[in-house]
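First to last, the protein sequences are chains X and A. Take any residue in the first sequence, count from 1 to its spot, add 1: that is its number in this note's numbering. Take any residue in the second sequence, count from 1 to its spot, add 14: that is its number in this note's numbering. Written out below as structure tokens is the structure these notes cover.
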Amino acid sequence: MSDKPGNDANLKQDQEQDKEGRAGFLARLNALETVVLAGILLIALAGVMLVGKGFYMKAKAEVSQVLLKRSFAAQLAGETDTRPWPWADFTTEAEITALRIGESAVVLSGASGEALAFGPARLANTPMPGEPGTSVIAAHRDTHFRWLKDVKPGDLLIVTRKDGTNLTFRAGTSRIARWDESGINADAPGRNLVLATCWPFDATEQGPLRYIVNAELVADACPSTLAARGGLAELPVKSF
Amino acid sequence: MLLDTENAAKPQSRVNTRHIEYLLVALLAAVTLVLLFAMGFFAHAAAETTEGKPQQFAGYVHPNDMGTGALLFPSREPGSFVEAPRLATDVVIDVNGPVIRTRVTQRFQNPSKGWVEGTYVFPLPENSAVDTLRMQIGERFIEGEIKAREEARKVYEEAKAEGKKTALLEQQRPNIFTNQVANIGPGETIVVQIEYQSGVHQSGGEFSLRFPMVVAPRYNPDPIVQTVDLDPTSGYAVNDPAPDRDKITAPVLDPARNAKINPVTLTVNLNAGFPLGSVISPFHDTDIQTINDTARKISLTGGSVPADKDFELSWSAVAGKTPNAGLFRETQNGKTYLLGFVTPPAEDAAAGAYPKREVVFVIDNSGSMAGKSIEQARESLALAISKLRPVDRFNVIRFDDTMEVHFPALVAAAPDKREDAIAFVRGLTADGGTEMLPALEAALRTQGPVEPGALRQVVFLTDGAIGNEAQLFAEISKNRGDARVFTVGIGSAPNTHFMTKAAEIGRGTFTLIGSEDQVAARMGELFDKLENPVMTDIAASFDGANAEDITPNPMPDLYRGEPVVLTAELDGTSAAGKLQITGKTGSQPWRIEMDIAKASEGKGIAKLWARRKIDDLEANAYAVNDAAALDKEIETVALANHLVSRVTSLVAVDVTPSRPASEPVVSTDMPLNLPDGWDFGKVFGEAPQEVIPEGQRKAALEQSEQQAMLVADSMAAAPTARAASMIADAGKQVDLPQTATLADRHILIGLMLLAFAVMAATTFSLWRWQLRGLVSEARDRVR
Chain X
2 MSDKPGNDAN LKQDQEQDKE GRAGFLARLN ALETVVLAGI LLIALAGVML
52 VGKGFYMKAK AEVSQVLLKR SFAAQLAGET DTRPWPWADF TTEAEITALR
102 IGESAVVLSG ASGEALAFGP ARLANTPMPG EPGTSVIAAH RDTHFRWLKD
152 VKPGDLLIVT RKDGTNLTFR AGTSRIARWD ESGINADAPG RNLVLATCWP
202 FDATEQGPLR YIVNAELVAD ACPSTLAARG GLAELPVKSF
Chain A
15 MLLDTENAAK PQSRVNTRHI EYLLVALLAA VTLVLLFAMG FFAHAAAETT
65 EGKPQQFAGY VHPNDMGTGA LLFPSREPGS FVEAPRLATD VVIDVNGPVI
115 RTRVTQRFQN PSKGWVEGTY VFPLPENSAV DTLRMQIGER FIEGEIKARE
165 EARKVYEEAK AEGKKTALLE QQRPNIFTNQ VANIGPGETI VVQIEYQSGV
215 HQSGGEFSLR FPMVVAPRYN PDPIVQTVDL DPTSGYAVND PAPDRDKITA
265 PVLDPARNAK INPVTLTVNL NAGFPLGSVI SPFHDTDIQT INDTARKISL
315 TGGSVPADKD FELSWSAVAG KTPNAGLFRE TQNGKTYLLG FVTPPAEDAA
365 AGAYPKREVV FVIDNSGSMA GKSIEQARES LALAISKLRP VDRFNVIRFD
415 DTMEVHFPAL VAAAPDKRED AIAFVRGLTA DGGTEMLPAL EAALRTQGPV
465 EPGALRQVVF LTDGAIGNEA QLFAEISKNR GDARVFTVGI GSAPNTHFMT
515 KAAEIGRGTF TLIGSEDQVA ARMGELFDKL ENPVMTDIAA SFDGANAEDI
565 TPNPMPDLYR GEPVVLTAEL DGTSAAGKLQ ITGKTGSQPW RIEMDIAKAS
615 EGKGIAKLWA RRKIDDLEAN AYAVNDAAAL DKEIETVALA NHLVSRVTSL
665 VAVDVTPSRP ASEPVVSTDM PLNLPDGWDF GKVFGEAPQE VIPEGQRKAA
715 LEQSEQQAML VADSMAAAPT ARAASMIADA GKQVDLPQTA TLADRHILIG
765 LMLLAFAVMA ATTFSLWRWQ LRGLVSEARD RVR
């Protein structure tokens, strides 16, 4: 008994029996094949969602900076209560520009919660840039502070505060430390600025290490800091 | 069936091929599952390894961890501290009626060969008033003087810069103060003596006191786990500098031996003021000496002091003589200070039967709560909801810049409603702005009238990141009605000012939850309060005496077994007039009257009053527009009573009597001429409590030396006094936030999944065609 057509007919009948009511492509699959296919589709869907989520986070960081710049400009122009968008849970505080690299970003108040998703933020327990002590601004390594690795000792960083003050900081040394062993003292003598982001730069997971760039207020912007700098004055001083 | 009859000729082969098919598909599914699990596991493992802190030397501590008085030195590990070896501790507690005066004297050592600036921390019982600080560093004696905070700090910094021995005692929080000690030389010994005043705790006819004695984690017999710490830059691991560390530290863990090396002597002079019944120390062996009917002298039985329990002493009156009210008086600077307490009658019906409650939970899910905060808030709230009883009614309100009331009105806390609410809470994500006012209005105004006999409670979970505090305070005080407002502060840096005040105006309490593992314990304390209110609307007034200042003001609600305790300042020294206290138990009014003339003399009442007065001033800060004026007011009270407060500090000045130059310093361990009134005697010398066999004592001493060496090894000592202060400053460091997004990781994993799906799909289609061929071939062969 070896007539093939009869065989196929049987098979077909069999399948129709199994999957009554199915049509088209699916009709040609048995139950287990359908399950496997569904599994593959599910994995593909998860993949698409994850990729989408990743790009959404990046897009959020970029787009929000545009809105933040607008609201910061309004703030500089003297408007009060300029929230970048009505449901924002933070206010803009300053703008930081790396002159040589040509990058800038609007700094937010308080690095808690979700503020860091939108822009660099000054840690709430540190003073404003330009005030006595060490001001700490942190941002994500893969968005707003992508350029931090390119900051070299001697680079100038311009900070425009919301009160309109323009301050120039000169970048000094950089180092790597654990997040809870930063060694940064908010009450340190002098007027210092610390920029911090995660390290290593190209890692994809959240780690405990941070990359820290120290910067100091340039003396002629604020003469009173000259005395406070004391023994640290041997940093290269460029005229500009 | 059609199939069976038609294919009866070849059932065997069909079954066989089916089996193969099933097997192959099952195999593919299994492989996929394993792959997925592996992925999840790796992601999880990566998260764990990066979040976990590397294992540290067991001796590293942080100021907030300290359970008892300790002197901390900065360690080589930035941000961590090591505890100075504690050589001896002496505690004298004088109880006079309702007032406790405690004097703690501790001797520490700088075991290193360099200069250090240390921080002395001592956790105090709530509401204790610190007024005395004395120190001996090396051969210098210094005594603290009360000064305005800024001024004190200036004096300290100047003295420090000049290389002088100096100490500064500042209040960090109402129950935590730190004492900085500058310029401790190599090998020098430091003796610290502090004195503070506090009130006797009363509960259910029992009087008690507590002295913190839980020593640092170092002494806890935790297993020592050795791990290899890979250097992130080179990838190499460095050898542990002390490979036999467990051998060195383990002997010190034995509390009995530890007590012999670092003897703790503790004496309580108990003068209860009423005939004493039982006197019990639940955790320690004590010798109790009867002096007379109302007085006892209690001391620790020498030798073994368990290091894991605070010292507690409780006493009660002989049966039938339990005082349910008391009034004490002290005259100072032409004013009369009163301390009164009354235990309200225990209502028979109230015992065991809880009042019905109506709870409105308000949870903040604004953007500032993102991350750990919202997780803690969700967990706390879910726990709170699950604790409701079916007779209670409740509602949940969430807010960011929008607001949502979960149930249209208060609902009975039936299991299904509770589960519904918990599911709602668990689904909350943190996003958006913080508009607290509408949520507060909804909680206070739109929840319908309070049922007779029920208690309305509003529980507010937030980090308090808001700007319109005054508006919110006004809303609470205006529309609170009979409701009590309880605030729960979430996250590492909540706005405690706002939440403390909101709870005070709302006549509730403030609970701070700083981390995930505190949720259960802190919320438990809160539930106790929520469930057991005994007396509300308490007020005190004077009849025939001019009293401006009665503290606390307003009087808080009373919980089970607690007495009303109040202090007051009266004009003049005459003891005329009456004190009246009124309150409400459920709906039943309650009132008591006491004659001031019959008050007995008490010591230290003025200081207790001052401490409570400062608390009240701080509590009412929201109502005072001029912050400077408030600070000035607190400063005046604190300076007059020699108290450390938020705006006043004790700064130590040199009071060393001049020593003849001809007399050389033999050893820093030997006491010099002690100034009058200094009682350091008990902490000088090793002075073991009992005779220890020579061999054992030698071993103990060796252990203590080894321990000191270990501490010295991990200390960051400096060659000069000036450098020491720089190292100490570095300890006050800023923690950096997480600044890596998972965006790249998401994209990477997503792409991997997509690639896998494409591969699987290709394999699947190829396999399917092949299988077809195989199946038909197999059939052919069978036939």
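Even glycine gets a Cβ: it sits at the ideal position worked out from N, Cα and C. Please read all numbers here as calculations on a predicted model, not as lab measurements.
Classified as buried, THR525 of chain A has 16 or more neighbouring CB atoms from the shown chains inside 10 Å of its CB. Going by DSSP, ASN285 of chain A is part of the beta strand (DSSP E) stretching over 278 to 285.
For ARG626 of chain A, the three-state secondary structure derived from DSSP is helix. Interface criterion met: the Cβ of LYS54 of chain X is under 8 Å from a Cβ in chain A. Beta-bridge partners of THR198 of chain X (DSSP): X:TYR212. Per DSSP, the unbroken alpha helix (DSSP H) holding GLN390 of chain A starts and ends at 386 to 400. Collapsing the DSSP output to three states places GLU184 of chain A in a strand. When 8 Å is used as the limit between beta carbons, VAL49 of chain X is near these residues of chain A: GLY764 and LEU768, in chain order.
Annotation for PRO369 of chain A: no alpha helix (DSSP H) segment contains it, and DSSP assigns it neither H nor E. With respect to the 8 Å criterion, ALA178 of chain X and PRO154 of chain X are not classified as neighbours on the basis of their beta carbons. Straight-line spacing of the CA atoms in ARG224 of chain A and ILE610 of chain A works out to 30 Å. With a cutoff of 8 Å on beta-carbon distance, THR127 of chain X and GLY134 of chain X are scored as near each other. DSSP places PHE512 of chain A inside the alpha helix (DSSP H), whose first and last residues are 510 to 519. Among the residues facing chain A, MET58 of chain X is included, as its CB has a counterpart in that chain under 8 Å away. Beta-bridge partners of GLU344 of chain A (DSSP): A:TYR351.
Checking the DSSP bridge columns, you'll see ILE159 of chain X partnered with X:THR98 and X:THR169.
Taking 8 Å as the threshold, the shortest C-beta distance from VAL152 of chain X to chain A does not fall below it. For the set A:THR350, A:GLU449, A:LEU85 and A:PRO466, the Cα lying nearest the Cα of GLN120 of chain A is the one of A:LEU85. Under the criterion of beta carbons closer than 8 Å, ALA444 of chain A and GLU63 of chain X do not qualify as touching, at roughly 22 Å.
Look at HIS656 of chain A here: in three-state DSSP terms it is coil, with no helix or strand label. Residue-level contact by beta carbon holds for LEU38 of chain X and chain A, with a gap shorter than 8 Å. In this structure, DSSP gives SER588 of chain A a state outside helix and strand, which the three-state scheme calls coil. Within the region 161 to 175 of chain A, no residue has its Cβ closer than 9 Å to any Cβ of chain X.
The distance from the Cβ of GLY616 of chain A to that of GLY213 of chain A is about 11 Å, inconsistent with a contact at the 8 Å cut-off. In the DSSP assignment, GLU171 of chain A falls within the alpha helix (DSSP H) that extends over 163 to 175.
One thing to note: LEU572 of chain A has its Cβ within 8 Å of the Cβ of PRO358 of chain A.
The beta carbon of ARG142 of chain X sits closer than 8 Å to some beta carbon of chain A. Taking C-beta separations shorter than 6 Å and ignoring five residues to either side along the sequence, the partners of SER387 of chain A in its chain run ASP477, ILE504 and GLY505, following chain order. Boundaries of the beta strand (DSSP E) harbouring TRP604 of chain A: 602 to 609, taken from the DSSP string. Annotation for VAL219 of chain X: THR169, PHE170 and ARG171 place their beta carbon closer than 7 Å to its own, counting only its chain and skipping 5 residues before and after. Only SER380, GLY381, SER382, MET383, ALA384, GLY385, SER387 and ILE388 from the region 368 to 396 of chain A bring a Cβ to less than 9 Å from some Cβ of chain X.
Chain order gives the chain A residues near LEU117 of chain X as PRO751 and THR753, where near means a beta carbon separation below 7 Å.
By the neighbour-count criterion, in which 16 or more other beta carbons inside 10 Å mark a residue as buried, HIS511 of chain A falls on the exposed side. Taking the CA atoms as reference points, THR599 of chain A sits about 17 Å from ASN338 of chain A. Neighbours of LEU544 of chain A in chain X, taken as residues at a C-beta separation under 8 Å, are lacking, since the least C-beta distance is about 28 Å. Contact between the region 193 to 212 of chain A and the region 171 to 180 of chain A is present, with at least three C-beta pairs closer than 8 Å.
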